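These notes concern the structure reproduced below.
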Amino acid sequence: MHNFTFHNPVKIVFGKDTIPQLNQLIDKKAKVLLTYGGGSIKKNGIYKQVKSALKKRKIVEFGGIEPNPAYETCIKAIELGRKEKVDFVLAVGGGSVLDGSKFIAAGIPFRGKDTWQIVCTGGASVKSALPLGTVLTLPATGSEMNTFAVISKLSTKEKLAFGTPLCYPQFSILDPQTTYSLDKKQLRNGIVDTFVHVSEQYATKDLNTPLQDRFAEGIYKTLINIAPAVMNGKKDYDSRASFMWCATLALNGLINRGVQEDWSTHCIGHEMTEFFGLAHAETLAIVMPAVWKYELKNKADKLAMLAENVWGVKKGTKQQKAVAAIDRTIKFFNSIGMPTSLKDYNLTPADCDMVVNRAAQRGWKIGENSDINAKALEKIFKLCF
Ligand code: NZQ
Ligand code: ZN
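So this is what it looks like as structure tokens:
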């Protein structure tokens, strides 16, 4: 097991009808920048709940943060926040609104000439950030309890992540009832994103980390068990509550303590979103099985563990079990309506040359063995069917 430190200061307020608690969670004197997306919170009543909880506060609103939040949009919110001298950011929405708001919270006090530096430096240039709180409406990214944000620059077609402890939310409200208005695509995307987050931290090298592995398997098994109830679209509180908590725990820095991580699927997927406009989880469902096939030997121990402990595959050699883990994962994704092939989007491996070229320009050596370079990526795309 690798050495590690563990510190996560985010206060989680979880459960039914918890949005009114905003009143106690935000300083009474704070001037709040309320950030949200394209309007879903106005249709499903969440906006109304937030506004009524914050009745007596001074509020400045910034709506229109799009899926895969754009730098160009967030810059406008930063200008507004500076002009209005806000001192708290409240993000209400899915991962995109939360991520954009982390960038906004860091950008308002940023002193450098070019705010994109926050992203280019991976967050290292952030010296301070406004306090941030969130009301999560879409379980998927874990952004509500982590330091990360992924921002897209439209002008250069880049999508990059940054992270800094200064961007931990002070609190996040997780009311599973907010998920009732999600459509089947958004639910499926959230399940797959969560599954792949667990995988990027589990399906790597076996460093003899049994507790972390059992945590991860617990999230996998819970997700698999609740998926049918979540996907039937009914207002089933218990399955939505478990889904929301799985998504948070999958990427809040607990299951990856001391383990070897991968994240190559995410790196490749972010580029595919930029070039092809696919949703984040859609890219992951195509790429991860192909990365697993390409890395079959290196990942055999953990993939066989996944087959045995999660999918219940008891027979066969280690290699056969590893192959079974890939097959079962693909079947699971397909069972919730998630395509796993480039073909499903009318794309071919040749279309992905743009991503391969970018990997070459950036000198990629990604994956837990640093063995995925542009050449390897070309082979991986050939396995994306
Ligand atoms: O914009 P609105 O109108 O709110 O609509 C959103 C959006 O169109 C809608 N939505 C959200 N909550 C809803 C709802 N519709 C109805 N009812 C609700 N309760 O859903 C659509 C998608 O929302 P988005 O926030 O884009 O989805 P998600 O939460 O999957 O976030 C994806 C973004 O997060 C990044 C991804 O790269 C992508 O940019 N990630 C962030 C991570 C992190 N911060 O740690 C890690 C992840 O791996 C990921 O990379
Ligand atoms: Zn993800």
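Residue 248 in the numbering used here sits at position 266 of the sequence shown, with consecutive numbering throughout. Ideal Cβ positions, reconstructed from N, Cα and C, are used throughout, including at glycine. Source: prediction; values computed, not measured.
Point to revise | Contacts around residue 164, its chain only, beta-carbon distance under 7 Å, and the 5 residues preceding and following it disregarded | key: Excluding positions up to five away in sequence, the list reads 120.
Cα-Cα separation between residue 20 and residue 324, rounded to whole angstroms: Cα to Cα, residue 20 sits roughly 28 Å from residue 324.
Comparing C-alpha positions only, which one of 180, 189, 223 sits nearest to residue 266? Among 180, 189, 223, the Cα nearest to that of residue 266 belongs to 180.
Query - Strand pairing of residue 345, partner residues [DSSP] - result: Per DSSP, none; premise fails for residue 345.
Worksheet item: For the region 128 to 158, which segments carrying the beta strand (DSSP E) assignment without a break, of at least 3 residues, lie completely within its bounds, in sequence order?
Response: DSSP runs (the beta strand (DSSP E)) wholly in the region 128 to 158: 130 to 135, 140 to 145, 153 to 156.
For the ligand NZQ, I want to know if residue 18 counts as a neighbour, meaning its beta carbon is within less than 8 Å of at least one of the ligand's heavy atoms.
Yes, since a heavy atom of the ligand NZQ falls inside the 8 Å radius drawn around the Cβ of residue 18.
Is the number of C-beta pairs between the region 164 to 175 and the region 260 to 277 that are closer than 8 Å three or more?
-> Result yes; three or more Cβ-Cβ pairs closer than 8 Å.
Going by beta-carbon coordinates alone, are residue 178 and residue 318 separated by less than 9 Å? Cβ distance not < 9 Å, so residue 178 and residue 318 don't count as in contact.
Kindly indicate which three-state DSSP category residue 44 falls into: helix, strand or coil? Residue 44: strand per DSSP, three-state reduction.
| message | For residue 353 and residue 347, I'd like the C-alpha separation in whole angstroms. | response | A direct Cα-Cα distance of roughly 6 Å separates residue 353 from residue 347.
- prompt: How would you write the range of the alpha helix (DSSP H) that residue 258 sits in, first residue to last?
  reply: Unbroken alpha helix (DSSP H) run through residue 258: 246 to 258.
Check: Cα-Cα, which of -9, -14, -2 is closest to residue 223?
Finding: Looking at the Cα atoms, -2 is the closest of the given residues.
message: Helix, strand or coil, according to DSSP, for residue 70 in the structure here?
response: DSSP, reduced to helix, strand and coil, places residue 70 within a strand of the structure shown.
Segment contact flag, the region 77 to 87 with the region 42 to 56, C-beta cutoff 8 Å, min 3 pairs: The region 42 to 56 and the region 77 to 87 touch, with three or more beta-carbon pairs separated by less than 8 Å.
Q. Looking at the structure shown, is residue 15 part of a helix, part of a strand, or coil, going by DSSP?
A. Taken through DSSP and simplified to helix, strand or coil, residue 15 comes out as strand.
Practice problem: Given a cut-off of 9 Å, decide if residue 75 and residue 0 are closer than it, judged by their beta-carbon atoms. | Solution: No. Outside cutoff.
Any heavy atom of the ligand NZQ closer than 8 Å to the Cβ of residue 158?
-> For the ligand NZQ, not one heavy atom lies less than 8 Å from the Cβ of residue 158.
Looking at the strands, I want to know which residues DSSP matches up with residue 288. Bridge partners of residue 288: none, in fact.
Item to check | alpha helix (DSSP H) runs wholly inside the region 77 to 118, at least 4 long, in chain order | outcome: Within the region 77 to 118, the complete alpha helix (DSSP H) runs of at least 4 residues are 77 to 89, 99 to 102.
Exercise. Regarding residue 368 and the ligand ZN, is the C-beta to nearest heavy atom distance less than 8 Å?
Worked result: Residue coverage of the chain in this structure runs from -17 to 367, which leaves residue 368 outside it and unanswerable.
Measuring CB atoms only, is the region 56 to 65 touching the region -16 to -5, in the sense that at least three cross pairs come out at less than 8 Å?
No: the two stretches stay apart, fewer than three of their Cβ pairs being nearer than 8 Å.
Item checked: Cβ distance (whole Å) where residue 377 is taken to contact residue 141 below 8 Å -> Because the chain spans -17 through 367 in this model, residue 377 falls outside it and cannot be assessed.
In its own chain, which residues sit with a C-beta less than 8 Å from the C-beta of residue 200, not counting the 5 before and 5 after it?
Cβ within range, chain order: n/a, list empty.
Quiz item: According to DSSP, is residue 363 helix, strand or coil?
Solution: If DSSP states are grouped into helix, strand and coil, residue 363 belongs with the helices.
Exercise. Note the first and the last residue of the continuous beta strand (DSSP E) segment covering residue -4.
Key: First-last of the beta strand (DSSP E) with residue -4: -7 to -4.
Q) What residues match up with residue 52 in a beta bridge as DSSP calls it? A) Per DSSP, the beta-bridge partners of residue 52 are 134.
*asked:* Given a cut-off of 9 Å on the beta-carbon distance, is the pair residue 88 and residue 136 in contact?
replied: Here residue 88 is not near residue 136, since their CB atoms are 9 Å or more apart.
List, from N- to C-terminal side, the alpha helix (DSSP H) runs of 4 residues or more that fit wholly inside the region 175 to 223. Counting only runs of at least 4 residues, the region 175 to 223 fully encloses the following alpha helix (DSSP H) elements, listed from N- to C-terminal order: 192 to 213.
* Asked: Taking 8 Å as the line, does the beta carbon of residue 266 fall inside it for any heavy atom of the ligand ZN?
  -> Relative to the ligand ZN, the nearest heavy atom lies less than 8 Å away from the CB of residue 266.
### Between the CA atoms of residue 40 and residue 368 - distance to the nearest angstrom
This structure does not reach residue 368, given that the chain is present from -17 up to 367, and the question cannot be answered.
Check your understanding: In this structure, does DSSP put residue 21 in helix, strand or coil?
Key -> Three-state DSSP puts residue 21 in coil, outside helix and strand.
Quick one: what does DSSP say residue 75 is sitting in, helix, strand or coil? The DSSP-derived three-state label of residue 75 is strand.
Practice task
Report the partner residues of residue 354 according to the DSSP bridge assignment.
Solution key: For residue 354, which the question treats as bridged, DSSP gives the partners 348.
Looking at residue 150 and residue 368, is the spacing between their C-beta atoms short of 9 Å? The chain is shown only over -17 to 367; residue 368 falls outside these bounds and no answer can be derived.
Residue 188 and residue 284: beta carbons closer than 9 Å? The answer is yes: Cβ separation under 9 Å.
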